[in-house]
Amino acid sequence: MAKFLVILDVDSTLIENEVIELLAARSGSESEVTEITNRAMNGELDFEQSLRARVATLAGLPVSVIDESRRDIRVTHGARELIATVVAAGGRVGAVSGGFHELLDPLAQELGLDYARANRLEVVDGKLTGRLTGAVIDAQAKADALREWAIDSGTPLSATVAVGDGANDLEMMKVAALSVGITAKPIVRATADVHIDTRDLSALLPLLGLRG
Ligand SMILES: [Mg+2]
């Protein structure tokens, strides 16, 4: 039985970046993506609509932009220490993302994550189509991933921790025994059991009794 199961959001939690912005920077659609994000924040679009609209701006980009964008990813300070310490203590760590498997999977492997789930970009003839394939990872899908991984790892929900920064993380935070915001949006800050004000994921370790 795993001692803990820690589930991390990816964009602006496990990493410092928002991967859609890295991709948009290469398609010249940054301002369009920012406008869509703002409309979503104003409640004009739900998460899935805004995700699909942002991904649509990537249509026609060669798949090589994925590898190029990966080089710009910066792992959040303390993430490696958090993951290594939880794993060494017999726990498991997973990442669930409203971003994309194509960028998350190599990172998950590098960091030694036990689980990773994200959206998938559709590629035809070596180019992004601007569409997704498969189920959209929204707030509910993040909560479902936490439950599924808890069962898979033999971790009771009472030993689960969800870490995130955005509204999309609130459902998994409700399911987890301990919810942790990191430099989070006000709604998450107000809801999370604990909030980390610095960009240092190792600050989670004392909360798990694993340091200090
Ligand atoms: Mg995030």
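Heads up: the sequence shown runs through residues 419 to 630, numbered per the working numbering. All C-beta atoms, glycine included, are put in the ideal place defined by N, C-alpha and C.
Whole-Å CB distance - residue i paired with residue j, under 8 angstroms assumed
i: residue 602; j: residue 594; result: Between residue 594 and residue 602 the Cβ distance is about 14 angstroms, and since that is not below 8 angstroms, they are no contact.
i: residue 435; j: residue 491; result: 6 angstroms
i: residue 431; j: residue 572; result: About 25 angstroms; that fails the 8 angstroms criterion.
i: residue 504; j: residue 628; result: 7 angstroms
Same chain only: Cβ atoms within 7 angstroms of residue i, ignoring 5 sequence neighbours per side
i: residue 522; result: 428, 513, 515, 534, 536
i: residue 553; result: 559
i: residue 551; result: 538, 540
i: residue 589; result: 557, 558, 560, 561
i: residue 564; result: 425, 578, 580, 590, 593, 594
CB of residue i within 8 angstroms of CB of residue j, strictly
i: residue 614; j: residue 621; result: yes
i: residue 451; j: residue 438; result: yes
i: residue 473; j: residue 525; result: no
i: residue 494; j: residue 596; result: no
i: residue 548; j: residue 477; result: yes
i: residue 568; j: residue 575; result: yes
i: residue 454; j: residue 471; result: yes
i: residue 508; j: residue 421; result: yes
i: residue 468; j: residue 458; result: yes
i: residue 546; j: residue 487; result: no
i: residue 587; j: residue 612; result: no
i: residue 498; j: residue 532; result: no
Residues near residue i in its chain [Cβ-Cβ closer than 6 angstroms; skip 5 each side]
i: residue 542; result: none
i: residue 447; result: 475
Below-8 angstroms beta-carbon distance, residue i vs any chain D residue
i: residue 600; result: Here there is only one protein chain, and chain D is not present.
Legend entry - Residue list, Cβ distance to ligand 1 heavy atoms smaller than 6 angstroms: Result (chain order): 427, 429, 430, 431, 582, 583, 584.
Legend entry - contact_flag[the segment 551–564, the segment 477–488] where n(CB pairs < 8 angstroms) is 3 or more: no
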